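Chains as they are written, first to last, in my numbering: chain A, 37 to 393; chain B, 37 to 393.
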């Protein structure tokens, strides 16, 4: 493998340089030759689950060790035609606020022999630029935790890159997705709060371009309407700590008085809301005001907050995502499926909850 | 490119399957042919900084668009012999506790046309298994935020994979590294606390296998000794919230009374320590007890805490890391260099600080 090798084909020429290696690499053929077995026997020894005799296995492993042979991803892909890399397309803010999701996804893929390439982007309107980069790397598939347009989704299909949406789905289109039912979760929280007698609600909403925020808001307003309770006072938020405090002050400005309960679009805003309610308005939480969040992040459990919230089952969702995407990559066929998980109420100490009404 | 193509050589055979593509890909030769220019002219058009006339550039771009040509990483590496992927080798806990470091590193590499492959591992003793995986992927280099043994570091060199240590260095060995001076930072905090009259210190230490924790502890004990102040009461911690509360209770158990100041090995433990001091011992912070952290994470700034801490300059450190690693990859030569950044004191509201003594 030298740079003066004439291009057998442009594709092979391109690809040969994907691996940077100063000296000739030891190949499975070298190992086969030393072990006195066929190359396919060597391949089978390094292929999980493949059948091979104990004796052959021992001979191959000995030869591999002597030659310092690494069964690398390229070698594996000789059998599987795969790079064993998957892309994760995600907003930077999502990594900052939900590092447990990325950690769990990475762990689940790693346990299945696959590594994650991070395609994070700073703003949703830069998604197109990020996708242009995705196509440039040899990934087997992608987890997309971003809102795809129909055109963008079609581009994945056209390029035969399987993808699984994480906590997103496509309106009026079929796509594989792992989601937590945000609408149901929001309705449940309203029901439990109404069950404890709360009547006047505030909502510190998530960003306008967040589909999760939209579903949560829709769940809240629908359920309040069904219960014949007043529509909530809605103020905008950006999913960050500062938004929670700003939201609390905006609701007080608009209403003149605190509502019975404020539902926040995520935990970090709920924490900001609690801090403002306590420090700016000297309100007793939950005595004078119930405050709830969404997500169940680690800091929601800290003694100063003990937030009442809805926890997304991150670990099972990550397992399902890895299994679904690797299944799509293996089978190359797609029967679009949406696996929907339910959030779990964390009772905490910042809201009075009753039985669901 | 079909699976029945005979292996021209094992290496080319291996590598051709790195890219999964059901139909023949449009190549730079196709673009060259349509634009009526040479293939090398097409290459130059997609190579940052390469010289090409305006007219040629326009013709190539038009042809590329018409043919839907993607100048992919493989094509770029035809020129550069690079995959434009770098590995980040990091403990899972570090992602959970310091997501801003991963986010900033990923952003800095992305701005330089390079994407990050995550090699996270759950425990330090699984680093060998993780490195075995690193060798299997076509990365150009790696950022290592883990403690490497001399043998592990030598393996990077032997395999010609350049690496930059992030907040780690190798004892008695030269290696490229970007670090924040933990020893200096710890000494500064002791000086500022001593300057406000604190005499009896407690330390909630980081994990035993953390080199950062060791340097912070060494800075604290050395500076206290120089100031002829008593050695600190040291209790073990695990860098998590629960450790902070446990540490606070352990210090009270050992001392019978609160020390003047407790320095915590990181911010999350300091937050746990504050919560325990307030809720379990009804202590006024900082009136009766000063508590400080390290790192300057987002939640340290929340109203309920407003932690006095030392902030690591994450953004400049990430810029330096990306520049250093890409420099090593480009030049292939290595004059080991350590770039050392200083932490900045965040005055906060949980400790009484004086002028440095």
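Yeah, the Cβ is synthetic: ideal placement off N, Cα and C, and Gly gets one too.
The structure displayed is predicted, hence computed values, not measured ones.
* **Element boundaries [beta strand (DSSP E), containing residue 216(B)]** => For residue 216(B), the enclosing beta strand (DSSP E) begins and ends at 213–216.
* What in chain A is Cβ-close to residue 340(B), meaning under 9 angstroms? -> The answer, in chain order, is 307, 310, 311, 314, 315, 338, 340 and 341.
* To do: Using only alpha-carbon positions, find the residue among 309(B), 102(B), 176(B) and 231(B) that is nearest to residue 360(B).
  => For the residues 309(B), 102(B), 176(B) and 231(B), the minimum Cα distance to residue 360(B) belongs to 176(B).
* Under the three-state reduction of DSSP, which class applies to residue 386(B): helix, strand or coil? -> Correct three-state label for residue 386(B): coil.
* To do: Per DSSP, which residues does residue 240(A) bridge with? Please list them.
  => Secondary-structure assignment with DSSP links residue 240(A) through a beta bridge to 271(A) and 300(A).
* Asked: For residue 389(B), does the count of other Cβ atoms within 10 angstroms reach 16, so buried, or fall short, so exposed?
  -> Classification of residue 389(B): buried, given that the 10 Å Cβ count is 16 or more.
* To do: Please name the residue, chosen from 65(B), 326(B), 97(B) and 350(B), that lies closest to residue 472(B) on a Cα-to-Cα basis.
  => Past the boundaries of the shown model lies residue 472(B); chain B is included only from 37 to 393, so the question cannot be answered.
* Would residue 128(B) be called buried (16 or more neighbouring beta carbons within 10 Å of its own) or exposed? -> Counting the other CB atoms within 10 Å of its CB gives residue 128(B) a total of 16 or more, which places it among the buried residues.
* Can we say the stretch 230–244 of chain A touches the stretch 262–276 of chain A, given the rule of at least three CB pairs closer than 8 angstroms? -> Judged by pairs of C-beta atoms under 8 angstroms, the stretch 230–244 of chain A touches the stretch 262–276 of chain A, as three or more such pairs exist.
* Could you tell me the distance, in whole angstroms, from the CA atom of residue 144(B) to the CA atom of residue 279(A)? => Rounded to whole angstroms, residue 144(B) to residue 279(A) spans 27 angstroms at the Cα level.
* How big is the Cα-Cα spacing for residue 202(B) and residue 214(B)? -> Taking the Cα positions, residue 202(B) is about 5 angstroms away from residue 214(B).
* **Start-to-end residues for the beta strand (DSSP E) that takes in residue 347(B)** => Per DSSP, residue 347(B) belongs to the beta strand (DSSP E) from 345–347.
* How many Å lie between residue 119(A) and residue 64(A) at the Cα? -> For the pair residue 119(A) and residue 64(A), the Cα-to-Cα distance works out to about 17 angstroms.
* Asked: Is it a yes or a no for the stretch 174–190 of chain B touching the stretch 145–165 of chain B, going by three-plus beta-carbon pairs under 8 angstroms?
  -> At 8 angstroms Cβ cutoff, the stretches touch.
* In terms of residue numbering, what span does the beta strand (DSSP E) encompassing residue 328(B) cover? -> Note, residue 328(B): beta strand (DSSP E), 326–328.
* Asked: Quick one: is residue 277(A) buried, meaning 16 or more other Cβ sit within 10 Å of its Cβ, or exposed?
  -> Residue 277(A) should be labelled buried.
* Asked: Hey, how far is the Cα of residue 156(B) from the Cα of residue 133(A)?
  -> The straight-line gap from Cα to Cα measures roughly 18 angstroms.
* Asked: If we call anything under 8 angstroms between Cβ atoms a contact, is residue 67(A) one with residue 99(A)?
  -> For the 8 angstroms CB-CB criterion, residue 67(A) and residue 99(A) form a contact.
* When 230(B), 208(B), 179(B) and 225(B) are compared against residue 383(B), the one with the closest alpha-carbon -> Comparing Cα-Cα distances from residue 383(B) to each of 230(B), 208(B), 179(B) and 225(B), the minimum goes to 225(B).
* To do: Go ahead and pull the three-state DSSP assignment for residue 145(B).
  => Residue state, collapsed to three classes: helix.
* So which residues on chain A does residue 260(B) lean against when the C-beta distance must stay under 8 angstroms? -> Near residue 260(B) there are no residues of chain A at all, since even the closest Cβ is about 30 angstroms away, more than 8 angstroms.
* Asked: Secondary structure at residue 233(B), three-state DSSP: helix, strand or coil?
  -> Reduced to three states, the DSSP call for residue 233(B) is coil.
* Count the other CB atoms, across all protein chains shown, that sit within 10 Å of the CB of residue 168(A); report buried if there are 16 or more and exposed otherwise. => Result: exposed.
* Asked: By how many angstroms is the C-alpha of residue 334(B) removed from the C-alpha of residue 256(B)?
  -> Roughly 24 angstroms separates the two Cα atoms.
* To which residues of the same chain is residue 305(A) closer than 6 angstroms at the C-beta, ignoring the five residues directly before and after it? -> The beta carbon of residue 305(A) lies closer than 6 angstroms to those of 240, 273, 279 and 280 in the same chain, with the five residues before and after it left out.
* May I ask whether a heavy atom of the ligand MG can be found less than 7 angstroms away from the beta carbon of residue 199(A)? => What this structure holds is no ligand at all, so the ligand MG is not there to describe.
* To do: Less than 8 angstroms between the CB atoms is what I'm expecting for residue 297(A) and residue 288(A), so what's the real figure, rounded?
  => Not a contact, Cβ separation roughly 14 angstroms.
* To do: Check residue 222(B) in the structure and name its three-state DSSP category.
  => Shown here, residue 222(B) sits in a helix according to DSSP, grouped into three states.
* Pairwise C-alpha distance: residue 236(B) and residue 356(A) -> Going from the Cα of residue 356(A) to the Cα of residue 236(B) covers about 52 angstroms.
* When the cut-off is 8 angstroms and only beta carbons count, does residue 46(A) lie next to chain B? -> Because the pLDDT of residue 46(A) is 43, which lies under 50, any placement of that residue in the model is unreliable, and the number read from its coordinates should be weighed accordingly. Judged by the 8 angstroms Cβ criterion, residue 46(A) is in contact with chain B.
* To do: Step through the CB atoms of chain B and report whether any lies within less than 8 angstroms of the CB of residue 275(A).
  => No - not a single Cβ of chain B is within 8 angstroms of the one on residue 275(A).
* Within 10 angstroms of the Cβ of residue 315(B), are there 16 or more other Cβ atoms? Answer buried if so, exposed if not. => With fewer than 16 other Cβ atoms inside 10 Å of its own Cβ, residue 315(B) counts as exposed.
* chain A residues whose Cβ lies nearer than 8 angstroms to that of residue 136(B) -> Think of a sphere of 8 angstroms around the beta carbon of residue 136(B): the chain A residues whose beta carbon falls inside it are 132, in chain order.
* To do: Determine, using beta carbons only, whether residue 174(A) and residue 121(A) come nearer to each other than 8 angstroms.
  => Using a Cβ distance threshold of 8 angstroms, residue 174(A) and residue 121(A) count as a contacting pair.
* **Nearest to residue 195(B) (by Cα), restricted to the options 326(A), 341(A) and 105(A)** => Comparing Cα-Cα distances from residue 195(B) to each of 326(A), 341(A) and 105(A), the minimum goes to 105(A).
* DSSP state of residue 156(B) mapped onto helix, strand, coil -> Of the three classes helix, strand and coil, the one that applies to residue 156(B) here is strand, per DSSP.
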